[in-house]
Amino acid sequence: MIRKLSYCLPTSVSSSKRKNNPTPLLSISFFLSFFLSFFLSFFLSFFLSFFLSFSSFFSFFLSNLPNYSLSE
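Adding 26 to a residue's 1-based position in the sequence shown gives its number in this note's numbering.
Encoded structure:
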C-alpha cells in the first residue's frame with residue numbers, strides 16, 4: 027500500500043504543476059500584445075514628431091520665399 031501511494035504521488039504533483047504553468051498560447055499572446063503596443067506607440071510618436079517638424083520647416087520655408095510678381 028505504501029509503495030502504491032509513493033508511485034501515485036509524483037503523477038498527481040506533476041499534474042498540479044502542469045495546471046499552474048501558463049499555457050504557451052497565453053504567453054505568446056501577452057508577448058505579442060506587449061510588443062505591438064510598444065512598437066506602435068514608438069512609431070506613432072516618431073512619425074508624429076517627424077511630421078510636425080517637417081511641416082514647421084515647410085511652413086517656414088514657404089513664408090520666407092521671395093515674392094515675385096508675374097507682371098514684371
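Positions of the beta carbon are idealized from the N, C-alpha and C atoms, including for glycine.
For Phe72, count neighbouring Cβ atoms within 10 angstroms of its own Cβ and tell me buried if that reaches 16, exposed if not.
Label assigned to Phe72: exposed.
Give the secondary structure of Pro92 by DSSP, where H, G and I count as helix, E and B as strand, and everything else as coil.
DSSP places Pro92 in coil when its eight states are reduced to three.
Determine the direct distance from the alpha carbon of Ser85 to that of Phe74, and round the result to whole angstroms.
Here the sequence assigns Leu to residue 74, which means Phe is not the residue at that position. Cα to Cα, the separation comes out at about 16 Å.
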